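Before any comments, here is the structure.
6 protein chains.
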Amino acid sequence: MNDITRSASRKPAALSAETRAKLAKVGSANVANALLKRGFRNVYLLGLQALSQDQAQLIGPAYTLRFMPAREDIDSMANYSRDDNLHRRAIEECPPGHVLVIDAGGCLRSAAAGDLMAVRLRQRGVAGLVTDGGFRDTPAIRKTCLPAYQRQSAPPATPIAMHPVELDGPIGCAGVAIYPGDVLVGDGEGVVVIPRHLVEEVADEALDAVEYEVYAELQITRGRPLFGLFPPTPESRKDYDAWVAAGRPPLESLP
Amino acid sequence: MNDITRSASRKPAALSAETRAKLAKVGSANVANALLKRGFRNVYLLGLQALSQDQAQLIGPAYTLRFMPAREDIDSMANYSRDDNLHRRAIEECPPGHVLVIDAGGCLRSAAAGDLMAVRLRQRGVAGLVTDGGFRDTPAIRKTCLPAYQRQSAPPATPIAMHPVELDGPIGCAGVAIYPGDVLVGDGEGVVVIPRHLVEEVADEALDAVEYEVYAELQITRGRPLFGLFPPTPESRKDYDAWVAAGRPPLESLP
Amino acid sequence: MNDITRSASRKPAALSAETRAKLAKVGSANVANALLKRGFRNVYLLGLQALSQDQAQLIGPAYTLRFMPAREDIDSMANYSRDDNLHRRAIEECPPGHVLVIDAGGCLRSAAAGDLMAVRLRQRGVAGLVTDGGFRDTPAIRKTCLPAYQRQSAPPATPIAMHPVELDGPIGCAGVAIYPGDVLVGDGEGVVVIPRHLVEEVADEALDAVEYEVYAELQITRGRPLFGLFPPTPESRKDYDAWVAAGRPPLESLP
Amino acid sequence: MNDITRSASRKPAALSAETRAKLAKVGSANVANALLKRGFRNVYLLGLQALSQDQAQLIGPAYTLRFMPAREDIDSMANYSRDDNLHRRAIEECPPGHVLVIDAGGCLRSAAAGDLMAVRLRQRGVAGLVTDGGFRDTPAIRKTCLPAYQRQSAPPATPIAMHPVELDGPIGCAGVAIYPGDVLVGDGEGVVVIPRHLVEEVADEALDAVEYEVYAELQITRGRPLFGLFPPTPESRKDYDAWVAAGRPPLESLP
Amino acid sequence: MNDITRSASRKPAALSAETRAKLAKVGSANVANALLKRGFRNVYLLGLQALSQDQAQLIGPAYTLRFMPAREDIDSMANYSRDDNLHRRAIEECPPGHVLVIDAGGCLRSAAAGDLMAVRLRQRGVAGLVTDGGFRDTPAIRKTCLPAYQRQSAPPATPIAMHPVELDGPIGCAGVAIYPGDVLVGDGEGVVVIPRHLVEEVADEALDAVEYEVYAELQITRGRPLFGLFPPTPESRKDYDAWVAAGRPPLESLP
Amino acid sequence: MNDITRSASRKPAALSAETRAKLAKVGSANVANALLKRGFRNVYLLGLQALSQDQAQLIGPAYTLRFMPAREDIDSMANYSRDDNLHRRAIEECPPGHVLVIDAGGCLRSAAAGDLMAVRLRQRGVAGLVTDGGFRDTPAIRKTCLPAYQRQSAPPATPIAMHPVELDGPIGCAGVAIYPGDVLVGDGEGVVVIPRHLVEEVADEALDAVEYEVYAELQITRGRPLFGLFPPTPESRKDYDAWVAAGRPPLESLP
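Chains as they are written, first to last, in the numbering used here: chain A, 1 to 255; chain B, 256 to 510; chain C, 511 to 765; chain D, 766 to 1020; chain E, 1021 to 1275; chain F, 1276 to 1530.
In structure tokens, the structure reads:
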């Protein structure tokens, strides 16, 4: 790891309750847009599915676990049971409020996590679970209400195909770079990642976009076309600001 | 475009309310069967998912939008906001009662449409939205109740990967030919397309098949095997016709 | 077929109600684990989806149907309607209590089964339907409540792409070997297959694992870490046995 | 297997030396065209590669071997070595002049054949080797000069992933139906299969097409456009027939 | 097509012999680098193969043909033979010195071109042939020495799966935007496309990079590490310039 | 990294010239067989191609480089040029006689290495280059004669998609576990990896298998069937040993 990688991996200040509250109101698409304006084009974890349409918004800094392929003499069930197994340590060491992000290298031949792990993460106050592989016991994980994302279920035992090799280092997940402390936001359609030094400004901008979209949707519902309204223009932003200043009145009351 | 392509692209007479009513009762599989009898083997848009299991049946003539890959100097956010942007024009120009069909070339790296577009389409009376790419803001699109089909969610901003290049020309979507005015029918398992000159006869035949299947299901529930019943034979059709003529009585009342 | 294949294909004794009851309580992941201990690493039918999250547990010995690719002069609709068509015979001949497993070679270009077939299977007491291809009329199949698994819907008529070639022989399905009489178990996340001579011991062991996991989940909910608890250790098993012997009391009552 | 399948699987008369000679001169594309005229659209084994650009044309009736997925307790190396192992029997029993076609279900995790098998097939006068899986020892197979086609090399030992289950039955290979006795033709770009009852007429028609193409290429080289020349028209066929009747003179000598 | 698309599609001045000569000396990787400096990240046609390792460098402005999926009633062999068929017109109308680029939508189920088409293109002075689908008669196309690139051979007749729909419009090919007149450069490892207004500066810069790399390779061969040499630094560029000014002497003669 | 991983990553003694000489004579399939007998089923790097059919055998201990996905603010060309860039350090630090194995996570959107890197590796005495991504400048790499394997060419500049994150740690490559010091063997069909503590015994056993296969091939050429010859039986091994003891005479001279 050279200086640049190391610097990107340095721990951020804690994610404030205020920023969490903002991120709870925005969609993954809004976040992606705010990042695009800052030059980031590859922030969406393509191909992952929320385990349940009803799960809460996923928000939290990344704590990572990296898998590599298993080897038969190393990845026995006996070694899997040892207390220094990094897979099980990840479950115990991921800090409360964080999201455990598992780089499975896209492997679906064995499980990146199971239901008891999800129960323990939930009990420890962890904010969510994301992998580009798959889980086992997904019906039971769904019941824990832990926000979770995977590619596809993968019930076979972990050591069949995967070996845990590193905790909380920089990883790729579903083709996207994730550094420890980067903030993940997941909604009903997927997960995006925000570089940690940009979280607050991105949260602000995404929330602003969402609020403008509420206004735009009201206008559209009244029959206004997209032109001059969405994407916003300087004029439409002025109208919006006036509407906000006026206390967001029902649009029918507008001239 | 030569004479043959042009002729296939000529506009049909409007889709009658009567034909719509028939198509509302049939499944995509029934339509595919009626088309197979006429020599059409490739009518199902493979790999698309309904956005919601609860959405209404999709029925309507195709109005098309074709995307090609983006190029960095052409597909800026500034150009995206121009009023002659074909993507946004498609939302405003797709006729009421039609289905907007978007040829994304299967691309999932950016969005073929988003929630405000869906709100506007719904408000304008458009009948549905289909793409072989993906949407952004899918939870919000779901709430609009607009019947919509995609391969997989794709939240990143459209100009990251796609450039809108043509309105209402002949396209491919999910490997199937779609000419403007061809009629799309979508149910809980997917979308099929009917060449516009065949819509009425296909609607009749598909509806007839559905009604026969109601009869066949009743028979099966009473314990009758598939042989001689499904696919229908001349004899079973005669029995069915008699049953229909008798006012479709409960089967127990039959001799 | 040589002696070894033949021997693996010999019919087992019927699956007892008692074993069925055990298998109704376990997950596909538990079964996979019990098989892994016996050296079986490839028992999960990767990539299949339950048709409905609400369907009952799939349990039953396999009765198989194998498809090969269609040929235009052989796979006409006329030939499809013949009473010696193996596809339709499979629906009539799959024994009650068995699971019809269809080797579609992964083909999604036409349907491995449709709704009337599902109605008939249900009416005949068949226990479920599994394919590595896809079904047509999936919304209607869902209504039958027959436990069913597929890769993805495939509404086009069967003879477009597939020819039924063998009943109840050894097959592959989703990359897993299935011999007639092997027992399939499917839950909300997928299907695993148990070699028929191992069904009882695997059912016992999987059920034991499930019961231990209930205990472990209680412990985790009280704040206990995974270490020394899961995977179970000799000590934790002793504690568990004591807890069972004590009548599985609330954990709070434990010292 | 019902009557239709059985009838398609009946053995043809031997492939005459004369027909072989014709097929040695045509390309897989010519054969595909002649079959398309007879309604066969799916005759090309998509995705297979010739092992060597220098190998001879592949011609011969199919003798088939079908694999299914392996199971750990059945597919040991010990069982692999038994003399009734169908994989090894296929090598000894494929008739001289035939092509051994191996249905590997597209599996690349282990080998469908190796170099000693190729040496033995060559020594026994077998005409070629085709699989939709892969071979091991491909550099050595190349040296045997046996015409061979695969998807991609697959050196791991066969029993790791595949179990031989049937000799000389109807199979699928790379998505195409192959009945024992159907004739395979392979050139530098791939393999097509001719239903056995059509071999002679297809050989004649494909050869005629090739000979016309020689004439058309001469015309194109002199500067003539494709229009009215290719695809052939009644007029161009008349000119061609005259040219043939004249002894195929150099075109410069034509008026 | 809006103004922006139209403007990107306007015809460039002819490609000068001088620029061609420069492009003949550079690799596709050098061109991609020069474009990256100008903000273009998606210029390489991923997944295409040169038909022959021995073919000449591909250089020329794009003339395009777009396919869409075929429909059985439109894409008969009879319609294929009509003189207004756009597929065949493309072969006759692609200007000499240009490259015919065929958007097959990645389809491999039928041929994007065949050998007689390649012979005619070669005879007409066309500079090359590129598709994201496949060709038929590839052994014969190889013999024409026309530089050609495809994904994989696809011998079945074109009308089986593809319908030609537009000549010389903007297209996507292998996921890259290609506007008529953009310049394609292909070497032994693939094809890149240069927006037409940048061709000369990109040719200059790529050639400069190639020439520096000759120098760098000489240095490396003498034992110099990459650091400070490649990528070039201001110092190494100064040394290089001096070396060029000195008439590119053997490096041993340097101090 | 826990004790087990660390222990597997410890450096081996140097690979002796004698063992190299043995490995130069065996194929990747022979090595895979010897490893299978020791319980290793996943040792072949599936999907990689030798850059040239003429390149020498690849033999050497692994020195690894791991990539993760790029991020726009970190992976600039400026950062790429820094002397502490791990990608460039890998080229300078991979020990002579070793193989540089690059874990690109299967990414083909940018280059895992280019020609000047290959020239430098060759000059430094490195034994080969392997990646599960792709190279740029492959025609030039071919000329260096460095044994090299990739999935497919990938000319775009590395920082477009990949960030170098670790040197000489345990990695996955093409789905196979590779620990620093494990020995790679590559021939014309691909690459296998031998755990470092098994290299000598695997080399001995693979060479023995190759030598037996020479004998078996001679027998087959004389007309002997595979049964009782291959796989070897105790009897056939005895005959072979006698033949070896007799100085490997021409088989015709045998009784």
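Ideal Cβ positions, reconstructed from N, Cα and C, are used throughout, including at glycine.
Computed from a predicted model, the values in this text were never measured in an experiment.
Where B/Pro402 falls: helix, strand or coil (DSSP) | coil
Start and end of the beta strand (DSSP E) containing D/Arg831?
-> 823-834
With DSSP as the reference, label A/Gln49 as helix, strand or coil.
-> strand
Chain B within 9 Å of A/Pro225, Cβ atoms only | yes
Residue environment, B/Pro402, which counts as buried when at least 16 other CB atoms sit within 10 Å = buried
Identify each residue in the stretch 1186-1210 of chain E for which the Cβ-Cβ distance to at least one residue of chain F is less than 9 Å, and report them in chain order.
-> Asp1207, Gly1208, Glu1209, Gly1210
Candidates B/Gly483, B/Leu363, B/Pro487: closest to B/Ser468 by CA position | Here residue 468 of chain B turns out to be Glu, not Ser, going by the sequence shown. B/Glu468 has its Cα closest to that of B/Pro487, out of B/Gly483, B/Leu363, B/Pro487.
For a contact meaning CB atoms closer than 8 Å, what does B/Met323 contact in chain E?
-> Pro1190, Ile1191, Gly1192, Ala1197
Quick one: any contact between the stretch 1347-1364 of chain F and the stretch 1239-1251 of chain E, if contact means 3 or more CB pairs under 8 Å?
-> yes
Contact between the stretch 125-134 of chain A and the stretch 53-60 of chain A: three or more CB pairs below 8 Å?
-> yes
Could you check the C-alpha separation between F/Ala1517 and D/Ala926 for me, to the nearest Å?
-> 35 Å
Measure from the alpha carbon of E/Val1211 to the alpha carbon of each residue in E/Ala1194, E/Pro1179, E/Pro1176, then state which is nearest.
-> E/Ala1194
Using a Cβ-Cβ cut-off of 9 Å, state whether B/Thr393 counts as contacting chain A.
-> yes
Relative to the alpha-carbon of F/Cys1420, which residue among F/His1438, F/Arg1397, F/His1362 has its alpha-carbon at the smallest distance?
-> F/Arg1397
Considering only residues of the stretch 1133-1209 of chain E, which uninterrupted alpha helix (DSSP H) runs meet the minimum length of 4 residues and lie entirely inside it, listed in chain order?
-> 1135-1143, 1158-1164
Which value, in whole angstroms, describes the spacing of the CA atoms of E/Tyr1169 and F/Gly1302?
-> 32 Å
Sub-9 Å separation of E/Pro1089 and B/Gly360 beta-carbons = no
Would DSSP call F/Asp1329 helix, strand or coil?
-> coil
With 8 Å as the limit, tell me which residues of the stretch 125-157 of chain A have their beta carbon closer than that to any beta carbon of chain B; keep them in chain order.
-> none
How would you call F/Arg1363, buried or exposed, if buried means at least 16 neighbouring beta carbons within 10 angstroms?
-> buried
Is A/Ala78 near the ligand PLP, judged by its Cβ being under 8 Å from some heavy atom?
-> Annotation note on the ligand PLP: not contained in the displayed structure, which lists no ligands.
Any chain C beta carbon closer than 9 Å to B/Pro450 | no
Closer than 7 Å, Cβ to any Cβ of chain D: which residues of the stretch 1303-1319 of chain F, in chain order?
-> Ser1303, Ala1304, Ala1307, Asn1308, Leu1311, Arg1316, Tyr1319
What three-state label does DSSP hand B/Asp339 in the structure shown?
-> coil
Beta-carbon proximity list for D/Gln984, same chain, < 8 Å, skipping 5 on both sides = Leu994, Leu1016
Is it true that the CB of B/Leu462 sits closer than 9 Å to the CB of B/Lys277?
-> yes
Roughly how many angstroms separate the alpha carbons of C/Pro690 and E/Gly1059, rounded to a whole number?
-> 60 Å
Option nearest F/Gly1349 by Cα separation, candidates A/Val101, A/Glu72, A/Pro170 | The sequence given here places Ile at residue 1349 of chain F; Gly does not occur at that position. Of the listed residues, the one whose Cα sits closest to F/Ile1349 is A/Pro170.
Once you ignore the five residues that flank E/Gly1134 on each side, which residues in its own chain have a CB closer than 7 Å to its CB?
-> Phe1155, Arg1156, Asp1157
Would a C-beta distance cut-off of 9 Å place B/Ala345 and B/Leu355 closer than the cut-off?
-> yes
Could you have a look at E/Leu1120 and say whether DSSP puts it in helix, strand or coil?
-> strand
For A/Ala111, name the three-state secondary structure that DSSP assigns.
-> strand
Could you tell me the boundaries of the alpha helix (DSSP H) in which F/Thr1294 lies?
-> 1292-1298
N-terminal and C-terminal residue of the alpha helix (DSSP H) that A/Ala209 is part of | 199-221
C/Asn552 vs C/Val686 beta-carbon contact at 9 Å | yes
Given a cut-off of 9 Å, decide if C/Pro674 and C/Arg576 are closer than it, judged by their beta-carbon atoms.
-> yes
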